[in-house]
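Trainee:
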Amino acid sequence: MGPSILSMLYARVPDRERIRELSIQEAIHLDDEELDGIENLFRQFIESANVVSSLTESIPYAKTGRRDPGYKPDPREDPYNSFIRKIFVRGSGAGPLLGKRIGIKDNLAVQGIPMTNASDLTKDFVPDYDATVVTRLLEAGADIVGKMNMDNFSFSGTSETSIFGPVHNPVNPQYSPGGSSSGSGAAVAGNQVDIAIGVDQGGSARVPACCCGVVSIKPTQGIVPTFGLSYMDHTLDHICPIAKGVEDAATTLGVIAGPDADDPQWSRSALLSKVDYRSKMKESLRDTLRVGVISESISWEGTDPEIRESFRASVERLGALGFATSEVSIPLFRESGAIWITLVVHSMHAMIESSGDGYWHGGRYSPEYNQHLGKARKEMADLYPPLLKGSTLVGRYLREDYHSSFHSMSQNLRSRLRNDIGKALAGVDLLATPTMIVKPPKLKDKITFSESLTRGVLLLNNTEAFNLTGHPAITIPCGMRSGFPVGLQLIGKHLDEVTLFKAAYAFESKFDWRKL
Numbered sequence: 021m022g023p024s025i026l027s028m029l030y031a032r033v034p035d036r037e038r039i040r041e042l043s044i045q046e047a048i049h050l051d052d053e054e055l056d057g058i059e060n061l062f063r064q065f066i067e068s069a070n071v072v073s074s075l076t077e078s079i080p081y082a083k084t085g086r087r088d089p090g091y092k093p094d095p096r097e098d099p100y101n102s103f104i105r106k107i108f109v110r111g112s113g114a115g116p117l118l119g120k121r122i123g124i125k126d127n128l129a130v131q132g133i134p135m136t137n138a139s140d141l142t143k144d145f146v147p148d149y150d151a152t153v154v155t156r157l158l159e160a161g162a163d164i165v166g167k168m169n170m171d172n173f174s175f176s177g178t179s180e181t182s183i184f185g186p187v188h189n190p191v192n193p194q195y196s197p198g199g200s201s202s203g204s205g206a207a208v209a210g211n212q213v214d215i216a217i218g219v220d221q222g223g224s225a226r227v228p229a230c231c232c233g234v235v236s237i238k239p240t241q242g243i244v245p246t247f248g249l250s251y252m253d254h255t256l257d258h259i260c261p262i263a264k265g266v267e268d269a270a271t272t273l274g275v276i277a278g279p280d281a282d283d284p285q286w287s288r289s290a291l292l293s294k295v296d297y298r299s300k301m302k303e304s305l306r307d308t309l310r311v312g313v314i315s316e317s318i319s320w321e322g323t324d325p326e327i328r329e330s331f332r333a334s335v336e337r338l339g340a341l342g343f344a345t346s347e348v349s350i351p352l353f354r355e356s357g358a359i360w361i362t363l364v365v366h367s368m369h370a371m372i373e374s375s376g377d378g379y380w381h382g383g384r385y386s387p388e389y390n391q392h393l394g395k396a397r398k399e400m401a402d403l404y405p406p407l408l409k410g411s412t413l414v415g416r417y418l419r420e421d422y423h424s425s426f427h428s429m430s431q432n433l434r435s436r437l438r439n440d441i442g443k444a445l446a447g448v449d450l451l452a453t454p455t456m457i458v459k460p461p462k463l464k465d466k467i468t469f470s471e472s473l474t475r476g477v478l479l480l481n482n483t484e485a486f487n488l489t490g491h492p493a494i495t496i497p498c499g500m501r502s503g504f505p506v507g508l509q510l511i512g513k514h515l516d517e518v519t520l521f522k523a524a525y526a527f528e529s530k531f532d533w534r535k536l
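Residues in the sequence shown are numbered consecutively from 21, following this note's numbering.
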């Protein structure tokens, strides 16, 4: 739906019965005099809304010309089911990503191409705009070659909820590539794209990178603009490069990061100017890097012993690189999952209620998407994926029956966790954890509703804390155990991606993880 259609939207004043119904829903009981007054107020306010509608056409999106909407490849062309749609949007012809094939997670807008969210609710939505990161990738010379498969509305972690079927892990196609940026991780590992863009609210880019043996960085919250994303929570959303190696990840982050007037995030313009991470990561380290191992990250119940052993060996290898390693304790880290899920259920209900844009932010909104999702959620909510269905109900209950008090408490604890991690980083340059504490789960042909509510719950144990605190975190493959990659996660100070890239590049350059 384009701006020309939106400008035709016309709100009508509801009849008195509808006003009474609305008041009852808000626990307001109107007498006849109050009803008269509010009916008059409706007329005034609805007139203002229609003025807004009439002006909408005066702020159109930049047009790029017609694009071929592409096609769904068959299994011979896409053996891992990584793609929802193969497309080809040619880049500018010059720039640091010249000729690179880029896959875009299908919850980011590419103008003229369906943005499905791997969901029945939005499978027919065609955005009339490019996400900011898409514009920047094309300007940097990259060619966009696909919209990548993912978990339905990003609300799971194994890809099995996608309406297009599960993604298969190139390492072993019987197993999940992780999620929710499943196709993005698998396509990079399977050589179907050079670089992919994932989105990470709790680990959704780092987990598939870990499962598939590739690299991803979740940057400092606020440095990569999120306009054009199907949002979950503006304080948790992170757009992330996924690449075979550290150099391509650094180059891509340098391209997509930087201020943007359309950005809706809470910490807009956290990065005041562009940074060439690729060049800076190759500069010599001035001092010995100090790395603190978070003790709680390797003591979770259910941790795979092989992953614990591989991680400890990786810490020793950091020592062999000349880094000084030590152990640090962050007790609240163990409660990060509880804090994260309490925040998310409130946020997701608010995001769904707002028809996809959320409240209280600046930047550019997408009334086109609001119209599409708003109508779909009224008519097709039964088609939500199971975890979104449950989370929406829990979120509504906690918002209405407990007045969002648990959301406020989780936000306060979030600040404590942010401060605790900041204090730990005051004594070291980087923190380290295993990226995941378990290996990828085996894909299932059929999953019950109850199973899907908890499927993959252990995948996020070590990742979600840094979405809460906004600290940058990179995952690199650091070994193989029982045929699967193991990931090393390094965490840095806010806005210190350069040190993360330097450490990751040093490890990658020295060791062949496939032989570790």
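Note that CB positions come from ideal geometry on N, CA and C, so glycine has one too. Note that the coordinates shown come from a computational prediction; the quantities given were computed from them, not determined experimentally.
Classify Trp380 as buried or exposed, calling it buried when 16 or more other Cβ atoms lie within 10 Å of its own Cβ.
Mentor: Locating residue 380 in the sequence shown gives position 360, where the first residue counts as 1. By the 10 Å Cβ count, Trp380 comes out exposed.
Trainee: With 16 other CB atoms within 10 Å as the buried threshold, where does Ser602 fall?
Mentor: Absent from the model: residue 602. The displayed extent of the chain is 21 to 536, so no value can be given.
Trainee: How many angstroms separate the CA atom of Ser224 from the CA atom of Gly442?
Mentor: For the purposes of this step, residue 224 is taken as residue 204 along the sequence shown, with counting starting at 1. For the purposes of this step, residue 442 is taken as residue 422 along the sequence shown, with counting starting at 1. One C-alpha to the other measures close to 23 Å.
Trainee: With a cut-off of 8 Å, do at least 3 Cβ pairs link the segment 149 to 166 to the segment 122 to 131?
Mentor: Because the criterion of three Cβ pairs below 8 Å is met, the segment 149 to 166 and the segment 122 to 131 touch.
Trainee: Please state if the CB of Phe504 and the CB of Val191 are separated by a distance shorter than 9 Å.
Mentor: The residue given as residue 191 occupies position 171 in the sequence shown. The residue given as residue 504 occupies position 484 in the sequence shown. Yes, the pair counts as a contact, with Cβ atoms nearer than the cut-off.
Trainee: What number of angstroms, rounded off, separates the C-alpha of His366 from the C-alpha of Ser304?
Mentor: Position 346 of the sequence shown, counted from the start, is the residue given in the question as residue 366. Position 284 of the sequence shown, counted from the start, is the residue given in the question as residue 304. Spanning the two alpha carbons is a distance of roughly 45 Å.
Trainee: From what residue to what residue does the alpha helix (DSSP H) around Gln509 run?
Mentor: Position 489 of the sequence shown, counted from the first residue, corresponds to residue 509. It is not in any alpha helix (DSSP H) - Gln509 instead sits in the beta strand (DSSP E) that spans Phe504 to Gly512.
Trainee: Consult DSSP for Glu336 and reduce its assignment to one of helix, strand or coil.
Mentor: On the sequence shown, residue 336 is found 316 positions in, with the first residue counted as 1. Residue state, collapsed to three classes: helix.
Trainee: Less than 9 Å separating the beta-carbons of Ser200 and Cys260?
Mentor: In the sequence shown, counting from the first residue as 1, residue 200 sits at position 180. In the sequence shown, counting from the first residue as 1, residue 260 sits at position 240. No, they are not a contact pair.
Trainee: Which residues mark the beginning and the end of the beta strand (DSSP E) in which Ala263 is found?
Mentor: Position 243 of the sequence shown holds residue 263. It spans His258 to Ala263 - the beta strand (DSSP E) in which Ala263 sits, taken as one unbroken run.
Trainee: Based on DSSP bridge pairs, tell me the residues matched to Asp220.
Mentor: By 1-based counting over the sequence shown, the position of residue 220 is 200. In DSSP, Asp220 forms a bridge with His258.
Trainee: My output table needs one value for Thr362: the three-state DSSP class, helix, strand or coil.
Mentor: Within the sequence shown, residue 362 is the residue found at index 342, counting from 1. Here Thr362 sits in helix by DSSP.
Trainee: Which word fits Glu471, buried or exposed, when buried means at least 16 other C-beta atoms lie within 10 angstroms of its C-beta?
Mentor: Counting from one through the sequence shown, the residue named residue 471 turns up at place 451. Per the 10 Å Cβ criterion, exposed.
Trainee: Figure out for me which residue from Asn169, Gly278, Gly357 and Arg298 has the closest Cα to the Cα of Asp268.
Mentor: Position 248 of the sequence shown, counted from the first residue, corresponds to residue 268. Looking at the Cα atoms, Arg298 is the closest of the given residues.
Trainee: With distances taken Cα to Cα, identify the nearest neighbour of Phe247 among Thr489, Pro193 and Asp377.
Mentor: By one-based count along the sequence shown, residue 247 stands at place 227. The residue with the shortest Cα to Cα distance from Phe247 is Asp377.
Trainee: What are the boundary residues of the beta strand (DSSP E) that includes Gly177?
Mentor: Translated into positions along the sequence shown, residue 177 becomes position 157. That residue, Gly177, is in no beta strand (DSSP E); it is neither H nor E in DSSP.
Trainee: Given a threshold of 16 other Cβ atoms within 10 Å of its Cβ, counted over all protein chains shown, does Val72 qualify as buried or as exposed?
Mentor: Working through the sequence shown from its first residue, we reach residue 72 at position 52. Burial call: exposed.
Trainee: Just confirm the distance between the C-beta atoms of Asp253 and Val165, as a whole number of angstroms; I'd bet it's less than 8 Å.
Mentor: What you label residue 253 is simply residue 233 of the sequence shown in a count that begins at 1. What you label residue 165 is simply residue 145 of the sequence shown in a count that begins at 1. Incorrect: roughly 29 Å between the Cβ atoms, too far for contact.
Trainee: For Met368 versus Ser411, is the C-beta spacing smaller than 9 Å?
Mentor: Within the sequence shown, residue 368 is the residue found at index 348, counting from 1. Within the sequence shown, residue 411 is the residue found at index 391, counting from 1. A contact, by the Cβ cut-off of 9 Å.
Trainee: Residues bridged to Pro193 by DSSP?
Mentor: Position 173 of the sequence shown holds residue 193. Paired residues: none, contrary to the question.
Trainee: Under the three-state reduction of DSSP, which class applies to Ser202: helix, strand or coil?
Mentor: For the purposes of this step, residue 202 is taken as residue 182 along the sequence shown, with counting starting at 1. Here Ser202 sits in helix by DSSP.
Trainee: So, using beta-carbon positions, are Cys230 and Val208 closer together than 9 Å?
Mentor: As a first step, residue 230 is located in the sequence shown; it is residue number 210 there, counting from the start. As a first step, residue 208 is located in the sequence shown; it is residue number 188 there, counting from the start. No, the pair does not count as a contact, with Cβ atoms beyond the cut-off.
Trainee: Classify Tyr525 as buried or exposed, calling it buried when 16 or more other Cβ atoms lie within 10 Å of its own Cβ.
Mentor: Along the sequence shown, read from residue 1 onward, the residue named residue 525 stands at position 505. Classification of Tyr525: buried, given that the 10 Å Cβ count is 16 or more.
Trainee: Take the Cβ of Leu520 as the centre, count every other Cβ of all protein chains shown within 10 Å, and call the residue buried at 16 or more, exposed below.
Mentor: Residue numbering aside, residue 520 sits at position 500 when the sequence shown is read from its first letter. It counts as buried.
Trainee: Please list the terminal residues of the continuous beta strand (DSSP E) segment that includes Asp499.
Mentor: As a first step, residue 499 is located in the sequence shown; it is residue number 479 there, counting from the start. Checking the displayed sequence, the identity of residue 499 turns out to be Gly instead of Asp. Unbroken beta strand (DSSP E) run through Gly499: Ala493 to Arg501.
Trainee: Kindly list the residues whose CB is nearer than 7 Å to the CB of Ser102, restricted to its own chain and excluding five residues on each side of it in sequence; keep chain order.
Mentor: Here residue 102 refers to the residue found at position 82 of the sequence shown. Cβ neighbours of Ser102 beyond the five flanking positions: Met168, Asn169, Val187, Gly203, Ala206, Ala207, Gly210 and Gln212.
Trainee: Using the Cα positions of Lys92 and Ser196, report the straight-line distance between them to the nearest angstrom.
Mentor: Within the sequence shown, residue 92 is the residue found at index 72, counting from 1. Within the sequence shown, residue 196 is the residue found at index 176, counting from 1. If I take the Cα positions, the gap works out to 21 Å.
Trainee: Does the Cβ of Asp214 have 16 or more other Cβ atoms within 10 Å, making it buried, or fewer, making it exposed?
Mentor: As a working mapping, residue 214 is identified with position 194 in the sequence shown. Asp214 should be labelled buried.
Trainee: Where does Leu520 fall in DSSP's three states?
Mentor: Walking along the sequence shown from the start, residue 520 turns up at place 500. Looking at Leu520 - three-state DSSP - the assignment turns out to be helix.
Trainee: So is Ala270 buried or exposed if we call it buried at 16+ other beta carbons inside 10 Å?
Mentor: For the purposes of this step, residue 270 is taken as residue 250 along the sequence shown, with counting starting at 1. Flag for Ala270 reads buried.
Trainee: Please report the distance separating the alpha-carbon of Ala396 from that of Thr142.
Mentor: For the purposes of this step, residue 396 is taken as residue 376 along the sequence shown, with counting starting at 1. For the purposes of this step, residue 142 is taken as residue 122 along the sequence shown, with counting starting at 1. Roughly 7 Å between the two C-alpha positions.
Trainee: Tell me the start and end of each unbroken alpha helix (DSSP H) in the segment 52 to 124 that is at least 4 residues and wholly inside, in chain order.
Mentor: Entirely contained in the segment 52 to 124, the alpha helix (DSSP H) runs reaching 4 residues are, in chain order, 52 to 75.
Trainee: Could you tell me if Tyr389 is buried or exposed, where buried requires 16 or more neighbouring beta carbons within 10 angstroms of its beta carbon?
Mentor: Here residue 389 refers to the residue found at position 369 when the sequence shown is read from its first residue. Result: buried.
Trainee: Express the C-alpha separation of Ala277 and Val244 in angstroms, rounding to a whole number.
Mentor: The residue labelled residue 244 in the question sits at position 224 within the sequence shown. The residue labelled residue 277 in the question sits at position 257 within the sequence shown. C-alpha separation (whole angstroms): 4 Å.
Trainee: Following the continuous beta strand (DSSP E) through Val348, name the residue where it begins and the one where it ends.
Mentor: The sequence position of residue 348 within the sequence shown is 328, counting from 1. Element bounds for Val348: Ala344 to Val348.
Trainee: Under the three-state reduction of DSSP, which class applies to Arg310: helix, strand or coil?
Mentor: Translated into the one-based positions of the sequence shown, residue 310 becomes position 290. Three-state DSSP puts Arg310 in a strand.
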